[in-house]
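Residue numbers (my numbering): 82 to 838.
Below: the structure, in structure tokens.
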Amino acid sequence: MNRRLLASLFFVLTVSWGLAQTFVVFPVQSPDTLLGFAVADRISREFIDEFDEIVGPEIAVSLVPPLPVGTNYLSPGVFLKDRSFNNQVGAVLARELFGADFVLTGEVINSPNGLILKLYLAGVNGVNTHTVRSAVSQPGLLIDKAVAIVATRLDLRKPEIGSTFVSSNVERDYLSALNLISRGFLEDARALLAQMDSHPGAARLRRNLAAVFSRKAGDDPGLQATMSLNSLEFSETLAIKYFRDFADNSSLLAPRLWIAILSASNNDLDSAIEAFDLAAAEHPYGVVARANFRASRGLPGVEEDILKVLGQVKEGAVGVGTLLGLAVVADYKADIVLEQTALEDLNRIQPDFLYPYERLSFIAFEQEDFFDAHSALLKAVHLDPDNDLYWTNLGWAYYLIGLLDKSEEASLRAVQLNPQRFTAFYNLGLMQVLTGRLELAVEQYRRAVSLSSEVDPNAIIDLLKALEKYPDQQGIHYALGYLYERQGKHLAAADQYEIYLNKTGNDLPLTVFASKRILALRAPPAAIAINNIIEICLGQNGISAAPYHPGDTIYPRFEVITEGEALPDKLQISINLLDRGGLILRQTDGEVSVPYNAVGLVIDQFGLDIPLTLDPGSYELRVSVNTSEQRFSHAAVTLTVKGSQVLLRQLISRNIQMLGIRAGRFLFGPRNLSRPELLPRILVQELRSAAEEAEKILPEAKKGRFEGMSGGKLFADSTERDVRDFLRFLLSQRVQDTELVFAEAYAKWALDGAPLY
Numbered sequence: 082m083n084r085r086l087l088a089s090l091f092f093v094l095t096v097s098w099g100l101a102q103t104f105v106v107f108p109v110q111s112p113d114t115l116l117g118f119a120v121a122d123r124i125s126r127e128f129i130d131e132f133d134e135i136v137g138p139e140i141a142v143s144l145v146p147p148l149p150v151g152t153n154y155l156s157p158g159v160f161l162k163d164r165s166f167n168n169q170v171g172a173v174l175a176r177e178l179f180g181a182d183f184v185l186t187g188e189v190i191n192s193p194n195g196l197i198l199k200l201y202l203a204g205v206n207g208v209n210t211h212t213v214r215s216a217v218s219q220p221g222l223l224i225d226k227a228v229a230i231v232a233t234r235l236d237l238r239k240p241e242i243g244s245t246f247v248s249s250n251v252e253r254d255y256l257s258a259l260n261l262i263s264r265g266f267l268e269d270a271r272a273l274l275a276q277m278d279s280h281p282g283a284a285r286l287r288r289n290l291a292a293v294f295s296r297k298a299g300d301d302p303g304l305q306a307t308m309s310l311n312s313l314e315f316s317e318t319l320a321i322k323y324f325r326d327f328a329d330n331s332s333l334l335a336p337r338l339w340i341a342i343l344s345a346s347n348n349d350l351d352s353a354i355e356a357f358d359l360a361a362a363e364h365p366y367g368v369v370a371r372a373n374f375r376a377s378r379g380l381p382g383v384e385e386d387i388l389k390v391l392g393q394v395k396e397g398a399v400g401v402g403t404l405l406g407l408a409v410v411a412d413y414k415a416d417i418v419l420e421q422t423a424l425e426d427l428n429r430i431q432p433d434f435l436y437p438y439e440r441l442s443f444i445a446f447e448q449e450d451f452f453d454a455h456s457a458l459l460k461a462v463h464l465d466p467d468n469d470l471y472w473t474n475l476g477w478a479y480y481l482i483g484l485l486d487k488s489e490e491a492s493l494r495a496v497q498l499n500p501q502r503f504t505a506f507y508n509l510g511l512m513q514v515l516t517g518r519l520e521l522a523v524e525q526y527r528r529a530v531s532l533s534s535e536v537d538p539n540a541i542i543d544l545l546k547a548l549e550k551y552p553d554q555q556g557i558h559y560a561l562g563y564l565y566e567r568q569g570k571h572l573a574a575a576d577q578y579e580i581y582l583n584k585t586g587n588d589l590p591l592t593v594f595a596s597k598r599i600l601a602l603r604a605p606p607a608a609i610a611i612n613n614i615i616e617i618c619l620g621q622n623g624i625s626a627a628p629y630h631p632g633d634t635i636y637p638r639f640e641v642i643t644e645g646e647a648l649p650d651k652l653q654i655s656i657n658l659l660d661r662g663g664l665i666l667r668q669t670d671g672e673v674s675v676p677y678n679a680v681g682l683v684i685d686q687f688g689l690d691i692p693l694t695l696d697p698g699s700y701e702l703r704v705s706v707n708t709s710e711q712r713f714s715h716a717a718v719t720l721t722v723k724g725s726q727v728l729l730r731q732l733i734s735r736n737i738q739m740l741g742i743r744a745g746r747f748l749f750g751p752r753n754l755s756r757p758e759l760l761p762r763i764l765v766q767e768l769r770s771a772a773e774e775a776e777k778i779l780p781e782a783k784k785g786r787f788e789g790m791s792g793g794k795l796f797a798d799s800t801e802r803d804v805r806d807f808l809r810f811l812l813s814q815r816v817q818d819t820e821l822v823f824a825e826a827y828a829k830w831a832l833d834g835a836p837l838y
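So this is what it looks like as structure tokens:
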């Protein structure tokens, strides 16, 4: 028996080697990103002559085709655990999305005993997991073993051994460039590759990057097509051209789907329909992709596509991707029966796929099939035992089927995994109320409310429903009183505390407290007041920079107090800027949540823009505070406005920070307020210092005042006037609370034609 037959029997691969063979290699997930790329790149390069087509790690991630859903496009990767293809389900799903013969994904794990690499190799009969190990000090050995495993499992030629991992700075830079391209950071990759001449793989990357930047044809259709998706000057028309070139040189389904998706995005409906029809003729996944497209656009033929897929399901001719796409289109159509059918079929053919169990549990809750929800969630926590959401929902399912002890156990597990999961604390509170542990239950409710910042209305609904089911459990009334009080519904809270007292008498620990709360809650509410003076700040960081100028964003800072037991849980704030005649020039308002039992609260989060055209003079800044119980207070302060607008003050007051391109330092800040007129000069100097790098990276400007200039000349010739125009444009876009690299933002503005507004 020959070696090929032995290998075929071992892996049970039924694809004929007489046909075109396609192999997609994803980046391997690793704590050391470059090691993951080294594994994937070595495998894809080692066997490039063994397949008709290999898609390497720099291409694979970007090549995953999204599904049209409504007016959006959804990556199927969102349905995977951790949104990663680096697991068994991910490999199987990717194989169908790509229409490939084989897909390889994997993950490297750092263990106390060294490096562990798990490879997931998906073929026509499913996915096999292969594990290799090496010492932490021998990553090259891990790479060799990975290559050998692939060669053995796919009956390929025996590879040479002796790999080294990052044997030089050049190799590290090459792997970094692959990573950058895979993640869509083309400019960074281009800058890195410009310094590399000796690595044999760098030239291909450079050539095709240059082709994409110049909007010309390269020599690697797949690489240029996927890179075009991430270009700063993205064009559907150009990307379609690149993907047509790719499709002409590939037997994969993915480029054909991308042509359809890009055509639809470009509003070329005829081309999109034609491309989806071609994809549907090739592969069952193409049919379900077309069904999603037709449903999203309101086109006929959706039901025919669904019937065709269901027929293929009966024949066993579809995989994870097609069934997932069927579930998505069913969800979009609100066809619960079809969606459940697709999800249950997914469970049957891929029982380790988490998403179907999650979605089935949600559907079951909606339909009040609590035993089905419980069953689905049991499987979900088995597959993902560290998922606090699944444990939270399982706890709720246990409660709904009457297993209170199991419900408490599951909810406790949820908060152990995630102490911020407030829903689980609400569940715990309810279980402990129902089992007579009221003091402990109140503590759980206290934690829940403190984490959620306000009472979840569903927690009150759950208690009211529990009261119908457990009418003799008097603690429910106390819990309702506590939550109503935290909601600010004082009279409703007092009523529930009173019912609790009437049912329990005076022999329980919380009865004294309940009696006190009834008196306090039914007493007239104490007045509120704005304490002392109002402080005016430039921006939200407490900068005192009077006198203020037109265009400044100011933040009043003041304290609201009460002489009563506590402030209400909500305050309505209104801030007005008025002229001498009382005319409102600017106004802002909003609601503030008050911490429980607070008797004072500092308010400083409401910004107000001084009008750009406001004349110098004195104005009134008036602050008003209201509550739901009709408590009211107001105060005012004089605001002096001088001079004209100052760009530096506007940037600082809106918390816009700009970094230098090299050292990563902030180019300006409050320290510059004494000489704001120097800001344009500072920024021009930053452009001059970055001109040489801009010459290498930036394309030629095609429009506007810089038309015809190279990147370096654009930076070198920019004037203080240009910089002021850029800053005014930035401010006109209502940008705030952001940190950006000045040279990068300026370059984008300049290449966009240097618009003024």
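Note that beta-carbon positions come from the ideal geometry of N, C-alpha and C, so glycine has one too.
Keep in mind that this is a model prediction, so the values were computed, not measured.
Between the segment 315-330 and the segment 162-182, the count of Cβ pairs shorter than 8 Å is below three; the stretches do not touch.
Under the three-state reduction of DSSP output, VAL727 falls in the coil class, being neither helix nor strand. A straight-line Cα-Cα distance of about 18 Å links LEU313 and PHE787. For ASN474, the number of other beta carbons within 10 angstroms of its own is at least 16, and it is reported as buried. For ARG638, the three-state secondary structure derived from DSSP is strand.
Per DSSP, ALA181 lies in no beta strand (DSSP E) segment and is marked neither H nor E. For ASP670, the secondary structure class from DSSP, reduced to helix, strand or coil, is strand. Here TYR563 is not near ALA540, since their CB atoms are 7 Å or more apart. DSSP places MET739 within a strand segment (E or B) once states are collapsed to three. Around PRO146, the same chain offers LEU178, ALA335, LEU338, TRP339 and ILE342 as residues with beta carbons nearer than 7 Å, after the five sequence neighbours per side are excluded.
Only residues of its own chain outside the window of five on either side were considered, and among them none has a CB closer than 8 Å to the CB of ARG752. Residue pairing by DSSP places LEU148 opposite LEU155 in a beta bridge. Straight-line spacing of the CA atoms in ALA607 and GLU644 works out to 6 Å. ASN289 is positioned such that its CB atom lies closer than 7 Å to that of GLN305.
With contacts defined as CB atoms closer than 7 Å, TYR581 and ALA574 fail to qualify as a contacting pair. Sequence-distant partners of PRO697 (beyond 5 residues in either direction) whose C-beta falls short of 7 Å from its own C-beta, in its chain, are VAL722, LYS723 and GLY724. Shown here for ARG762: same chain residues with a beta carbon closer than 8 Å to its own, the five before and five after excluded, namely GLU801 in chain order. Assigned with DSSP and collapsed to three states, PHE315 falls in coil, not helix or strand. The C-alpha of VAL462 is placed about 20 Å away from the C-alpha of PHE166. Unbroken alpha helix (DSSP H) stretches of 4 residues or longer found wholly inside the segment 312-371: 317-329, 335-346 and 350-363, given in chain order. In chain order, GLU127, VAL228, ALA229 and ALA232 place their CB closer than 7 Å to the CB of PRO240, counting only its own chain and leaving out the 5 sequence neighbours on each side. Partner residues in the beta bridge of HIS211, as assigned by DSSP, are LEU200. Listed in chain order, the non-local C-beta contacts of TYR480 below 6 Å within the same chain comprise SER488, local neighbours out to five positions each way being set aside. Segment contact: the segment 344-356 against the segment 185-204, fewer than three CB-CB distances shorter than 8 Å; contact not assigned. In this structure, DSSP gives THR504 a helical state, which the three-state scheme calls helix. Segment contact: the segment 803-821 against the segment 727-737, three or more CB-CB distances shorter than 8 Å; contact assigned.
Secondary structure within the segment 793-822: the alpha helix (DSSP H) runs of 4 or more consecutive residues, fully enclosed, are 801-813 (chain order). Closest in C-alpha terms to PHE823, from the list ARG743, GLU781, PRO590 and GLU776, comes ARG743. By a beta-carbon distance limit of 8 Å, ASP469 contacts ARG502. Their separation comes to about 5 Å.
In the DSSP assignment, PHE446 falls within the alpha helix (DSSP H) that extends over 435-447. In this structure, DSSP gives SER257 a helical state, which the three-state scheme calls helix. Under the DSSP assignment, THR585 falls in the alpha helix (DSSP H) whose first and last residues are 571-585. Within 10 angstroms of the beta-carbon of SER331 lie 16 or more other beta-carbons, which makes it buried. Look at GLU767 here: in three-state DSSP terms it is helix.
With distances taken between CA atoms, ARG253 lies nearest to GLY117 out of VAL208, LEU144 and GLY117. Spatial neighbours of ILE599 in its own chain (CB-CB distance under 7 Å, excluding positions within 5 residues in sequence) are listed in chain order as ALA575, TYR578 and GLU579.
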